Each structure stands twice: as structure tokens, then as C-alpha cells.
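From first to last, the protein sequence lines are chains Z and Y.
Position 98 of the first sequence, counted from 1, bears residue number 97 in numbering that gives the first Met the number 0, the numbering being contiguous throughout.
Position 36 of the second sequence, counted from 1, bears residue number 35 in numbering that gives the first Met the number 0, the numbering being contiguous throughout.
Cβ atoms here follow ideal geometry from the backbone N, Cα and C, with glycine treated the same way.
Remember, predicted model here, so these are calculated numbers, not experimental data.
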Amino acid sequence: MTDPAPVQAVAPSTRAGGADIRQLLVDSARQLFESQHRSARIKLNAAPAQPFDAQLWRQMAELGWLAVALPESLQGSNLGLACAGALAEQFGRSRVPEPFIACGLMPAALCGGLPGTPARDAIAADLLSGDALWTLAWQEHAGRVDTRNCATRLSADGRLTGHKVFVPNTDLANGILVLAGGGEPALVLIRKGTPGLHMDTHPTTDRNTRAHLQFHAVPVEEVLVTGQSAVALVNEAVEAATLASAAFQTGLAESVLEQVLAHLRSRVQFGRPLGTLQTLQHRAANLYMLNQVARASWHCAAERWDAAPGSATACAAISAAKARAAQAALDTAQAAVQLLGGLGFAEEADAGLALRLAMLHSSWLGGRRHHLRRFAELLERSA
Amino acid sequence: MIDWSCASDDDFRLALRNWLAQHYPIQWRLSATRPFHRLRGQQKISWLQTLQEAGWRAPAWPREHGGLGLSFSKQRIYHEELERQQVARVIDFGEQMLGPILMAFGTPQQQQSLLPRILRCEDIWCQGYSEPNAGSDLASLRTAAISDGTDFVVNGQKIWTTYAHDATHVFALVRTGRFERKQQGISFLLIDLRSAGVRVRPIMNIAGDEEYCEVFFTDVRVPQANLVGRIHEGWAIAKALLGHERLWVGSPAMSRRALALAQQVVAVSGLKSDVTVMDRLAELAADLHDYEALYEGVCREAEQHSQPGAHIVMLKILATELQQRICELVTEIAQEHAGVLGESLIGGLAVDIHWQMMMSRPISIFGGANEVQRDILAKAVLQLPAGG
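See the structure below:
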């Protein structure tokens, strides 16, 4: 097998005609996952419990994946969300646990707007090499993913007080980027083990972690950016991640449906394949249509964002895509457990694993209800 | 006549927009009481003749046959502008169905004599496919056409024939022979409804309108020259994928009308503070948004390929069921007004809740029930095995 080809930095003008590059990314992802990844890594009985593969992460970096949202001035390829989404979709299809969205896409999206500091350069360098991971802590309450009313504060002498919830992959992260609010918002870097930082870490259904953080006058290592641009940058990273999660779930749903269809074609009961039964045919048809709509929705959102980043219509489309993808992934995975019968309830089949990933992604970065309401609100504003 | 196929998209759009604004009668626009209104009878003929005289008729027909010869993308602009101007829909079987069939399967003589008459509304066509015992299972049709050497003699019955009472002619599927496969032995025949032995009986639908009919044939003589294509091979004609025509049934336009009505009713009913209603409205708005994204993608694909793939049957299913869900919400939020037969005023807005509910029902039945479309999707796209 040939090695997957790395992505080269491209001029922004090639973005619009990025279908070829997107296909290149998809092909390289398929190749890498086929040779280096097995879903057994994230099963409930997998050992070790933490599946992160540092070698695989470095390969992803070398292929340029972690830098698709990094600007060219930082040696990234700046390919836009259509490409980031296409990659995320492959992570979903193959159920790959490495935190591409949380520790690849989000830090990369942030970096573009940060002023030149040692920390920014270190983050950008790590996205190119894959040597270390970074994570972003912005959310303070379950179900509230926007940056309004951020209660964490940075004192004049550079100490952080407050809390964050559901921060991804702090166990893997080299440093944690924390959003502080108030009159003068700031994005700061803290390190694990710093006095005053309390971490309550939980395993997630994809065998990664989320941590609740408490800051008791934690000294920050570096202030990356201050003022409203700190909030704006975090918002942008969250939008990018939301779109990518929609693409991830679409890929997940589609691969689950393929598994279900294969079962319906081959499994014989009452003397005929299950797939000849009209009730099952119609269920499959409904899931197929739902997945097609989910795919169209994230494509539309990526296209709008890449044409007008941050616009109300782009953000509305991202919300629609996230809400739809959550529905597609959950419905398809739940149906898979049912339609595979006894096997569907066995950890041996991938249906439960898919449902577990759907549960994580459908709630992360805002659930269906949150996004439907935000969609309606943004639509009204842009009308 | 201006050759619009050569004009820029923007020029074409603006010219049509301006012309429609000046020439489409305001009283025929879609409204809250008739959100899915269709022109029929004399109104329809008058509007089609206005289009014909001004050079806007038959956007999909090639110029050599008197149409506008528009590309698929320009046809989309054409439909967008009709929608924007709230032009009521027109079902013109001559233009939309028979014309393309004659161009593909008719003799030069049939084309020359019939196509101009369609454009000028001298012949008004209806489609005679369904029969009492041949609905979704259309190939079981039994209306017989027996050749006696000079003519076909037609006996039998068609049903659910839309606008037969407005039509002068019917293009019908008739049985000319019995073969092993029931799809064989069906022929495509053009019949003058004014012939001796034809009787048309309108059927009232659940909205209270007489839109479709039963058509009875008793020893009706039809000239041999009225056969389209080869004898016994009419099934292929009926099933022929009429290119992009199949995409229009998936247009989200009617769902947009329905959602606009829902939004109006919410506003006049003071329901904007009702979280449950607003959540359901948001959900339906997102359903529409996502469906539009899907439709856009399929249309773009179709612009590049002459024959869309089998997966486009999903458009009809999704579009019709979305429109129905929205009309169901309208019915629910209209509260007691849902029990009113005919017009009713909600906070100054005239609505007809009964009509919009009833008119959203047949869309998932006509043109192949959605259950049949799901069967097709399962077999042709998902490659699930056929039953038996």
C-alpha cells in the first residue's frame, strides 16, 4: 500500500475549487484508518482504556490534517471548513478516537487570530509536528455553549478564578487555553499541576476524557490575547468544531446504515432475507433519507461559512447541520441496535459503539434543542 | 422572439420579474386562504395564452418546437420568479407531460400537428393512467383498445383523471394485448374526449373541489394515427424518465408557502411566547432549510448530468411529507378555527384551515404513493432484495 499523501499549503484562491483537495484528504484518511485503526481500540473491553495513539497523532500531523484550519503564515494549509468537515466525516465513519476536532481543529482555528507570542508559536508548531496536544476550556455550564456570561476572571496580577466544565482531553494536553470573561476578557494558558487548579476528570463514551476544572487563583503562564477578540476567536473555534462534529456524526450515521443494510441483505429468517420485509425496507429508506439530508446540511453550512465566516446565515446553517446530524447519528445508531437483533446488543458488534459516539457528539457543543432555537433566532436576525 | 437561452441569468431573471409584476393578475395570487392554489379552466387558459403571446410559455421545450429552450439552471430561475410573484401553480399536462413524450416518441407528423396546438391551448390535455383496479399497481390496467383494421375501439374506465372536465383530449394507457408480463401489451393512445362514447364524471375531493374525474369509454373509435410509439410498448413511454421534469415534484416551494402561513398564524394568534409552539416552528424551519440544501445539491448535480440518479425519488417523499407536517402544525395552532369549514378570521388574517389541511393530503398519494416510492428507494438505491 502506498503512503497517504500529505496536504500542501494552498493559496486561498484555490479554496473555492477545493473539491480535489477534499477528495485527497478523504482518500488519505481512508488509507490511514484502514491500515492503522481498529474500532476494537474503543470498545468497552479494550485495553488500555485510554486508546490515544501518539504515533497515529503524529502521522495525522505529518499529513497536514491538524493544520487544515491553520493560516499559511503559520505554515498551515488554510483549507476552510469544507475540508475540515470532510476529514471529520472520515473520523466519524471509521470511529477514530484521536481528538481531531478538540485538539486539532479548535487550537488551529484559534491560532490564526492570535498575536505572535511564544505560546501561539508552540501551539502552531505542535499542530504541524503532532508532538503535543492543546485543549480549549470555555464552557461553564452543561448545555450552555456560548461565550456570553463567562464568569471566570483574570485578576490584575495574572491569577485565574472560576470554573469550566466538560473540557476535552486535559489528560493528554500539554497546556490548557482558558477563556476569562468580565470587562476585559482574555485567553490565557495554564499548565496542569499548577497550584490552585483542581481537575475532576471523567471518561467519555469514545474512551477520551472530559474534565471539570476549578481555578482558585491559578497563576497563568501566558496571556495569549485580551479584549473582545479573545471572545470572538473562541466563538470562531466553537463554530468550526460544531460544524466538524456535524460532519463526524453524518459519517458515523452513514457507516452505521451501511452495516445495517449489509445485515438486512444477508440475514435469512423465515426462509428469506430480512431485507425483503417491507417494514424493514421502509425503515432503512427513512434512515437513508435522514442521512442524505444531514450530509446536505453540513455541506451547505461549510459552504456558507467558507464564503462568509461568522455571518448569521453561516452560523444558522451550522446550527441546522448540528441539530440534523445529531438526529441522524442517534436515530441510525438506535435503529442499528434494534435491527441487528441480539447481535445489536452485544459489544462485539459496532452498533453500541456507534450509539455511544452519537451520545457524545449529539450533546457536545450544543444539543439538538439548543441548536434548533439558535437556528430560529439567527434566521430571524438575518431576515 | 427574444432568445432567452442566450441571455445572462441576471438579465433573464429581471426581465421575467418585471413582466410578471405587470402582467400576472393580483387577484390570482397565492394567499393565506389558498396557499397552494392552482389555476384551472378558463383562468388557466387565459394565463397560458398571455404567457404564449408574450413569449414566456414552455420554458423547458426546445426552441424548434416553440418553447424557450432554457437550460436547467434557467428553468430554475423561471420557477423561482413565479414563486416570488406568488403566481398560482398551473397543471398543464400538454406542456409538462405530453409535449416531451411526443418529442421523444411521436412521429414528425404528430409533433407538427399537436405541439403548436398545445402551446396555443387549442387542445387541453389530461392524463389517463389510473383505473379503479390499477392505482399504484398501474400495469394491471384493463381499459381495452382493440384494432378493427381502421380504428382502435376503446372500452373501459379511467379514474382520478385530474381536470378531465376541463380537457379536450386525454393521453391514455390502454391494453392492446395480453402477454406474459403485464407491462407488455400496454399502448399509449391519444383520445379526443369529444368522441362518441366518452363520458366524464367529476369527483369531489375532500377539500370540496372537483379537480379529478372518472372517464368512461364505450366503443370509442380512435384513429390508428393516434397511437404514440409502437403498439404494446406504451409502458416504456409512461415510465420514461422525463429528464429534469422529475425534479420539479421535489420543489420546496409549497413547503415554503406552508411555513409562511404557519408563521403568519403564529404571529396573529399571539403564540410567539409559547415555547412549545416556537420550538416546533423552529424544527420545521430547520427541516425546510435542510431540505432546501438537499434539493439544491441534487439540482446542481442534475445540471451536470442529463439523467438524475434513482436516489431522486427521495425528493418527492421528503418534500411532500414536510409540507404535510407544516400543514398539521398550522391546523393545531389555529385551534378552534380548524373546525371551521371555509374562511375564518384569526386576528384579522383570513385563513381556510380546512382547505390547506385537505390539499396537503393527496401530494403523498399522487404520482406513486410515498409507500411505493420507499419501495423503489429500498430496492434501487439501498439494494435490498425484492420480496416474494
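C-alpha of Y/Ser272 to C-alpha of Z/Phe51: approximately 47 Å in a straight line. Separation of Z/Met105 and Z/Gly341 (C-alpha to C-alpha, rounded to the nearest whole angstrom) is 39 Å. Counting along the chain, Z/Arg323 sits inside no beta strand (DSSP E); it lies in the alpha helix (DSSP H) bounded by residues Ala311 to Leu338. DSSP lists Y/Trp124 and Y/Asp191 as the beta-bridge partner residues of Y/His168. Under DSSP, the beta-bridge partners assigned to Y/Ser186 are Y/Val173. Between Z/Pro167 and Z/Thr134, the C-beta spacing is below 7 Å.
Short of 7 Å from the beta carbon of Z/Leu127, and not among the five residues preceding or following it, lie these beta carbons of its own chain, in chain order: Ala60, Ala66 and Gln74. Under a 10 Å Cβ-count criterion, Z/Pro184 is classified as buried, with 16 or more other Cβ atoms of the shown protein chains found around its own Cβ. Under a criterion of Cβ atoms nearer than 7 Å, the residues of chain Z adjacent to Y/Tyr290 are, in order, Val292. Residues of the stretch 313–340 of chain Z with a Cβ closer than 9 Å to any Cβ of chain Y, in chain order: Ala315, Ala316, Ser318, Ala319, Ala320, Ala322 and Arg323. The C-beta of Y/Gly308 comes no closer than 7 Å to any C-beta of chain Z. Residues of chain Z whose Cβ lies closer than 7 Å to the Cβ of Y/Ala206 do not exist, since the nearest Cβ in that chain is about 28 Å away. Between the stretch 158–166 of chain Z and the stretch 207–215 of chain Z, the count of Cβ pairs shorter than 8 Å is three or higher; the stretches touch.
Using a Cβ-Cβ cut-off of 7 Å, Z/Leu378 is close to Ala284 of chain Y, given in chain order. Contact note: Z/Cys299 reaches chain Y through His288, Asp289, Glu291, Ala292, Leu293, Glu295 and Gly296, using a C-beta cutoff of 9 Å and chain order.
Going by beta carbons, Z/Trp304 and Z/Leu113 fall outside the 7 Å limit.
The Cβ neighbour count for Z/Ser381, taken over all protein chains shown within 10 Å, is under 16; the residue is labelled exposed.
Cβ neighbours of Y/Leu314 within its own chain (closer than 6 Å, five residues either side excluded): Gly249.
For Y/Met313, the neighbours in chain Z by C-beta distance under 7 Å run, in chain order, Met288 and Gln291. At a beta-carbon threshold of 7 Å, the residues of chain Z lying near Y/Pro384 are Arg264, Pro272, Gly274 and Thr275, ordered along the chain. DSSP, read as helix, strand or coil, puts Z/Asp349 in coil.
One thing to note: Z/Leu186 has its Cβ no nearer than 7 Å to the Cβ of Z/Leu132.
Under the three-state reduction of DSSP output, Y/Asn225 falls in the helix class. With contacts defined by Cβ atoms closer than 7 Å, Z/Gln280 and Y/Leu383 form a contacting pair. Residue nearest to Z/Gly181 within the set Z/Thr193, Z/Thr169, Z/Ala229 and Z/Asp205 is Z/Ala229 (criterion: CA-CA distance).
Between Z/Phe165 and Z/Arg209, the C-beta spacing is below 7 Å. In this structure, Y/Asp289 places its C-beta atom within 7 Å of the C-beta atom of Z/Ser296. For Z/Pro70, there is no enclosing beta strand (DSSP E), as DSSP marks it with neither H nor E. With respect to the C-alpha of Z/Gly103, the residue from Z/Ala311, Z/Ala239, Z/Gly343 and Z/Arg368 having the closest C-alpha is Z/Ala239. Z/Leu86 places its beta carbon less than 7 Å from that of Z/Ala28. In this structure, the CA atom of Y/Asp91 is about 10 Å from the CA atom of Y/Leu118. With a 10 Å radius around the Cβ and a threshold of 16 neighbouring Cβ atoms, Y/Gly338 comes out exposed. The count of Cβ pairs closer than 8 Å, one atom from the stretch 363–377 of chain Z and one from the stretch 141–149 of chain Z, reaches three, so the stretches are in contact. DSSP, read as helix, strand or coil, puts Y/Tyr23 in coil. Under the 10 Å beta carbon count, Y/Gly54 is surrounded by fewer than 16 other beta carbons and is classified as exposed. DSSP places Y/Asn17 in the helix class (H, G or I) of the three-state scheme.
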